[in-house]
């Protein structure tokens, strides 16, 4: 996929997921989540080519400019969107699938100091509410929704709804809308 096509896909993903988005030019110029993602792609390429210091330095500059910290070692899929974004942290060994959406204050973090896989794997189509913490080398199944301020430390099967501290999964009900789930009062802590 060409860089131009990827850019257009990112803008379309933002328009799809943010009802406040008015135009592609507004999104391209004013959305820090998109700026952090675009910068991450550059730093990630440097990281893979073993320019680790330069990649880390670049990611820190991006963090300073956007308030979003994405480690250059993290793997992020297509059509990823961070709404608002301030305070988002994505750790080095995190893997994020396609069509994932994060709100502000989300942490995809580690729980251990040993090397290897320390951060979560977020499968395709997951939505994570504001302030949620997903910690450790766990897997969140495709199509799941994590409520605001939930703390997730265990694997979740596909199409789960996770709420609480610690978060407990339940199956998604037939026809439940992801966007509605993230705004329903019973999913806030």
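Residue numbers (the working numbering): 860 to 1048. Each residue gets a CB set at the ideal place from its N, CA and C atoms; glycine is no exception. Since the model is a prediction, treat every value here as computed from it, not as a measurement.
What's the C-alpha gap between residue 893 and residue 874?
Along the chain shown, read from residue 1 onward, the residue named residue 893 stands at position 34. Along the chain shown, read from residue 1 onward, the residue named residue 874 stands at position 15. Straight-line Cα distance between these residues: approximately 12 Å.
By DSSP, does residue 1044 sit in helix, in strand, or in coil?
Along the chain shown, read from residue 1 onward, the residue named residue 1044 stands at position 185. Only weak support is given to the placement of residue 1044: the predicted model assigns it a pLDDT of 48, under 50, and the question is left unresolved by the model.
CA-to-CA distance, residue 992 to residue 931, given in whole angstroms
In the chain shown, counting from the first residue as 1, residue 931 sits at position 72. In the chain shown, counting from the first residue as 1, residue 992 sits at position 133. Using only the alpha carbons, I get a separation of about 20 Å.
Measure the Cβ-Cβ separation of residue 858 and residue 1026 and say whether it is below 8 Å.
Outside the shown range of the chain, which is 860 to 1048, sits residue 858, and nothing can be said about it.
Using three-state DSSP, classify residue 886 as helix, strand or coil.
The residue you call residue 886 lines up with position 27 of the chain shown. Looking at residue 886 - three-state DSSP - the assignment turns out to be helix.
Going straight from the alpha carbon of residue 1028 to that of residue 941, what length do you get?
Numbered from its first residue, the chain shown carries residue 1028 at position 169. Numbered from its first residue, the chain shown carries residue 941 at position 82. Taking the straight line joining both Cα atoms gives about 23 Å.
Quick check: does the Cβ of residue 889 come within less than 7 Å of any heavy atom belonging to the ligand FMN?
Of ligands this structure carries none, so the ligand FMN is not represented either.
Cα separation between residue 964 and residue 860?
Along the chain shown, one-based indexing puts residue 964 at 105. Along the chain shown, one-based indexing puts residue 860 at 1. Cα to Cα, residue 964 sits roughly 31 Å from residue 860.
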